[in-house]
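Input: a single structure, listed below in structure tokens.
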Amino acid sequence: MSEYALNRLIEERKQWQQLPLYGFTARPTKLIDGSVDYMTWDCIVPVERGMPPTCLRYCVQLSFDIHYPASMPKVLFEYPILHPNVDWMGYMTMPDFNPDMPSTSLSIEKILLTVQSMIDKPNMNDFTKEQIEYWFAVDPDFFHVEMEMKAVVIAEADSSTPNHKRDDEDMPEQKMNQISESKNILMTQMQINN
1173 MSEYALNRLI
1183 EERKQWQQLP
1193 LYGFTARPTK
1203 LIDGSVDYMT
1213 WDCIVPVERG
1223 MPPTCLRYCV
1233 QLSFDIHYPA
1243 SMPKVLFEYP
1253 ILHPNVDWMG
1263 YMTMPDFNPD
1273 MPSTSLSIEK
1283 ILLTVQSMID
1293 KPNMNDFTKE
1303 QIEYWFAVDP
1313 DFFHVEMEMK
1323 AVVIAEADSS
1333 TPNHKRDDED
1343 MPEQKMNQIS
1353 ESKNILMTQM
1363 QINN
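In the working numbering, the protein residues as written are 1173 to 1366.
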């Protein structure tokens, strides 16, 4: 493992703890042995929608490699999301970042702000799902309503896990089944629509 990438992420964790972004959550995950895995972060990205504004919360995981910040992390949505820049596996394409031009000013904060911006304003030049591209181009209101409905279902399924701290063994079996069922329903709906 690159010492530079690891030290950089440890420092970013300290900075985040001192000055977190309002409404966001970001923390490194833990390995099976209980040690901290600074190369994988669980995050929550808030997005306001509708009138009056409703705050939707999206759970994402950032996976860094040893070349960070010369290479961008993979951005994976924990639950299926109806979005033109997110593939069927849940990975978001990040066209705003150019891996050939590494930035020392790149940070987890900037990555999460970019994810937030892209959720709200998809990149029209990089659609990963043709049918969603059609919805967004022909009927953006329908697109946003569908996105909100799925986000609300996800938020309800995940409401028992505040601050994205999740220990499956501590979670009641009924709640685990609800979350699993919601994931399966959403995945089925999205595959049918594809």
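Even glycine gets a Cβ: it sits at the ideal position worked out from N, Cα and C.
**OP:** Figure out for me which residue from M1244, Y1263, E1220 has the closest Cα to the Cα of K1293.
**Re:** E1220
Subject >> Cutoff 8 angstroms; reference G1285; Cβ partners in own chain excluding five residues on either side >> reply: A quick correction: the sequence has Leu, not Gly, at residue 1285. These residues qualify, in order along the chain: L1193.
Subject >> Own chain residues within Cβ distance below 6 angstroms of M1227, not counting five before or after >> reply: It should be noted that the sequence gives Cys, not Met, for residue 1227. If we look at C1227 and ignore the five residues flanking it on each side, its Cβ neighbours are P1218, E1220.
Subject >> Candidates E1175, W1260, A1309, P1312, of which the one nearest H1239 by Cα >> reply: E1175
Subject >> Through-space distance from P1312 to Y1386, alpha-carbon basis >> reply: The structure shown does not extend to residue 1386, since the chain is modelled only from 1173 through 1366, so no value can be given for it.
**OP:** Measuring alpha carbon to alpha carbon, tell me which of N1179, S1289, E1281 ends up nearest L1234.
**Re:** E1281
**OP:** Decide if Q1189 is buried, meaning its Cβ has at least 16 other Cβ atoms within 10 Å, or exposed.
**Re:** exposed
Original post:
When the Cα atoms are used, what is the spatial distance from F1249 to T1197?
Top reply: 14 angstroms
Subject >> Sub-8 angstroms separation of P1191 and P1241 beta-carbons >> reply: The sequence shown places Leu at residue 1191, rather than the Pro named in the question. The answer is no: Cβ separation not under 8 angstroms.
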